[in-house]
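J.: One structure, pasted below without further comment.
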Amino acid sequence: MESKRICVGILLVATFILSACMSESGTSSSRFGIAKGGDDRNGPYDVIPGWWKPASDHDETWTWGSAAGVWPDTPDRVLVVMWGDERRAPRMGEVNELQRNFLVAVDRDGNITENWSQWDSIFNRPHQIYINPYDPERAVWVDERGGNGVHEAILKFSNDGSELLLRMEDPNPVFGEGGPNPRENPNPGPLDFGQNAVLAFLPNGDFLLGDGYQNGRIVRYNSEGEFLSEFGSVGSGQGQFDLIHGVAVDKDNRIYVSDRRNHRIQIFTEDGTFLDEWTDIWDPVAIMIDVNDFVWILDATLNRILKYDMDGQLLDYFGTYGEASSLGRPGFTCSDDAAVADAGLDHDHTGACGGFSLPHQMSVDSEGNLYVAQFGGPWIDKYVPKPDADPSRLIGQPLGP
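If you want it as structure tokens, here you go:
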């Protein structure tokens, strides 16, 4: 009898430990809850149907160009960079007329409140947009890839867009201008950009450039745009890159780099010494580190947001392929089944409502709302935390002062 009691006790303890391990590892009891049905396509968020809207200030019907970047100044002011008016996009062998509407601001409901059209002449392929979290003036930064007569550049604007505060321009642009391939230049100068891609900021005011599509290097500049240092080259070895498409800095100033075509994240000290790599991450296009020390990676091929701890362990993910919450068309949303059918579409071909389509940049506002720029279509999606969301699954606030 005593041995039977001992066996039963051991069984109960083992069951308790197993349950705790399952909960800790993020399996069904902690990640999905007990609810029946559902497929968790948007994870802990609800998409806002119809949030992104067609422009209202245009002279005729048109569509946005590809959505390149999004960054909230506040929940009531969200900055967006697009690839201009798709109707005016250059065609093969043609000289493009001046494009328009590259940078706009929208309110919390997605209505356009600002159009920085006064700067349209210096844009062609704005790649991403940022506000330096350590800057009390909250200047706006844009990484411009150039082409069509526009030089590759790093651009810094006053918060309201009235002033161009800094313009770091490649004096000899090559992208789209018939020049030599930058990959053939082993020693690019401080402004010899190779389709510069992304920016990240350090607490002391310095910033990092991920350069980029053709040059394989991380370049550090001070707040005035003066060159300080660089590391990296094109390749697949440690400390080499094949398309840098995301850069983030953690609390210890370690640098995390999305090495897109090498399908990995590489981690370095502040001076560029290699520390670690997280391999087998397919097509990482953006990376952010939140105040809770979690690393969030945007995967453009899998159409997912991936959550890692600081040791590179995958903890969670969500996201799926889909269409815009407004299907990129005025007047209806993808949650309106009748309107979808009237448009000659069906959900089997449009994908999930609010799903991703080559996601390109993600950001979070002070209320915890998530924004994703969908490069595969002309839209930005806004996601709000579900009322019953597990807080551990939500993307935390970005690092700042």
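Per this note's numbering, residue 957 is the first one in the sequence shown, and the count goes up by one each step. Built from N, CA and C at the ideal position, the CB exists for glycine as well. Predicted model only: the values in this text are computed from it and were never measured.
(1) Any idea what DSSP makes of I1237, helix, strand or coil?
(2) Tell me, please, which residues DSSP counts as bridged to D1232.
(3) Quick one: Cα of P1347 to Cα of P1028, how far?
(4) Counting only the same chain and skipping the five closest in sequence on each side, list residues whose C-beta sits under 8 Å from that of G1195.
(5) Give a yes or no on whether the C-beta atoms belonging to F1079 and V1096 are separated by under 8 Å.
(6) Let's see if you can read the secondary structure: which residues bound the beta strand (DSSP E) around L1271?
(7) For N1086, which residues in the same chain have their Cβ closer than 6 Å to its Cβ, ignoring the five residues on either side in sequence?
(8) Between D1065, F1163, V1037, L1122, which has its C-alpha nearest I1073's C-alpha?
(9) If you drop the 5 nearest sequence neighbours on each side, which residues of the same chain put their C-beta closer than 6 Å to that of L1301?
(10) Does the beta-carbon of E1100 have 16 or more other beta-carbons within 10 angstroms, so that it is buried, or is it exposed?
(11) Under DSSP, the beta strand (DSSP E) around I1004 begins and ends at which residues?
(12) Looking at the strands, I want to know which residues DSSP matches up with Q1196.
(13) Taking V1273 as the reference, which of N1248, A1308, I1237, V1247 has the closest Cα?
(14) Would you check if the segment 1145-1152 and the segment 1110-1126 touch, i.e. whether three or more CB-CB distances between them fall below 8 Å?
(15) Is the separation between the beta-carbon of R1033 and that of D1063 shorter than 8 Å?
(16) Buried or exposed: where does E1182 fall if 16 or more other Cβ atoms within 10 Å of its Cβ makes it buried?
(17) Taking just the CA atoms, how far does A1204 sit from D1091?
(18) Could you round the C-beta distance between I1261 and L1254 to whole angstroms and report it? I think they count as a contact, below 8 Å.
(19) For A1256 and S1313, what's the separation of their Cα atoms in angstroms?
(20) Who pairs with P1144 in a beta bridge, going by DSSP?
(21) What is the residue span of the beta strand (DSSP E) that L1122 lies within?
T.: So, from the listed chains and residues:
(1) coil
(2) I1223
(3) 21 Å
(4) F1187, G1188, S1189, Q1222, F1224, G1228, F1230
(5) no
(6) 1270-1274
(7) Looking at the sequence shown, residue 1086 is not Asn but Tyr. So the list reads W1027, W1097, L1155, once near-sequence residues are dropped.
(8) For clarity, residue 1073 is Ser in the given sequence; the question names Ile instead. Nearest option by C-alpha distance: V1037.
(9) Its pLDDT being 47, under 50, L1301 is placed unreliably in this model, and the coordinates cannot settle the point.
(10) buried
(11) Where I1004 is concerned, there is no enclosing beta strand (DSSP E), given that its DSSP letter is neither H nor E.
(12) S1189
(13) Here residue 1273 is Tyr; the residue named in the question, Val, does not match the sequence. That would be I1237, whose Cα lies nearest to the Cα of Y1273.
(14) yes
(15) yes
(16) exposed
(17) 17 Å
(18) 6 Å
(19) 8 Å
(20) Looking at the DSSP assignment, P1144 forms no beta bridge with any residue, so it has no partner.
(21) 1120-1125
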